[in-house]
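To start, the structure itself, in structure tokens.
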Amino acid sequence: IPAALRVAPRLLAQGSPAWGSLAGEDARALFTGVAAHTISQMPSLVAAGAGLMLATLAHAVGWPIPVGGSQAIPDALVADLRAHGGELVLGEEVTEPPSGVVLYDTSPTALLQIYGDRLPAGYAAKLRRYRYGPGVAKVDFVLSGEIPWVDSRLAEAPTLHLGGDRATMALAEKEIAAGRHA
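Heads up: the sequence shown begins at 2 in our numbering, then just goes up one per residue.
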């Protein structure tokens, strides 16, 4: 804990104009890559705070890799929902609001179509003003053989993030935050 308290101010400074205070391009690129999981403009306190939390967790307990792959996460969530009496309905358009408590995994604007005039006017106005934010895509490749990495250490990594140096990643996040593709 004492070491974490010493380094935390330097890492949070990554959300300010002092974001160059980490020594070495490798450290700056690593922290920027972790902070980029926020999908927000950098430098920012949001990105720095989330980066600090994720990096701390990674060092404390390791990077979270679900046993059985990423599908294990939604499988566990659905199992928990069903264990508590919930029901999962897929592939059906909702045109009338059902009774009871309902959780929607849809865009906020779809609620306007489902609930129509049943929504309070102020809330409906907010839904009409909703604008989509940046998106993220993850690609898993199935390969017919090993990748001939120049650096053999890469073959040992369960996941690789390819983002370039800090300036490249920050520019990409800035462009995305401005509504432009990087």
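The C-beta atom is built at its ideal place from N, Cα and C for all residues, glycine as well.
Is the beta carbon of residue j closer than 8 Å to that of residue i?
i: LYS175; j: GLN72; result: no
i: THR39; j: ALA48; result: yes
i: LEU128; j: LEU104; result: no
i: PRO98; j: ILE115; result: yes
Once the 5 residues before and after residue i are set aside, which same chain residues still bring their CB inside 6 Å of it?
i: GLY52; result: PHE32, VAL35 and ALA36
i: MET170; result: THR33, ALA37 and GLY164
Tell me whether residue i is buried or exposed, calling it buried when 16 or more other Cβ atoms sit within 10 Å of its Cβ.
i: PRO159; result: exposed
i: ALA179; result: exposed
i: PRO44; result: buried
i: ARG29; result: buried
i: ILE177; result: buried
i: LEU155; result: exposed
i: LEU23; result: buried
Counting only the same chain and skipping the five closest in sequence on each side, list residues whose C-beta sits under 8 Å from that of residue i.
i: SER108; result: TYR131 and TYR133
i: PRO135; result: ILE40, ILE177 and ALA178
i: VAL137; result: ILE40
Could you check whether the Cβ of residue i sits closer than 7 Å to any heavy atom belonging to the ligand FMN?
i: ASP106; result: Questions concerning the ligand FMN fall outside what the structure shown contains, since it holds no ligand whatsoever.
Taking just the CA atoms, how far does residue j sit from residue i?
i: VAL90; j: HIS182; result: 34 Å
i: VAL68; j: ASP118; result: 45 Å
i: ALA111; j: ALA77; result: 26 Å
i: VAL151; j: GLU157; result: 13 Å
i: GLY92; j: GLY101; result: 20 Å
i: THR96; j: VAL79; result: 23 Å
i: ALA126; j: LEU161; result: 42 Å
i: ALA59; j: LEU46; result: 20 Å
Excluding five sequence neighbours on each side, which residues of the same chain lie with their C-beta closer than 7 Å to the C-beta of residue i?
i: ASP166; result: GLU26 and ALA30
(message) Using 8 Å as the cut-off, can you tell me whether the region 112 to 126 makes contact with the region 138 to 146, which would need three or more C-beta pairs spanning the two stretches below that distance?
(response) no
(request) Could you say if the region 60 to 75 and the region 83 to 91 meet the contact criterion of at least three C-beta pairs nearer than 8 Å? (result) no
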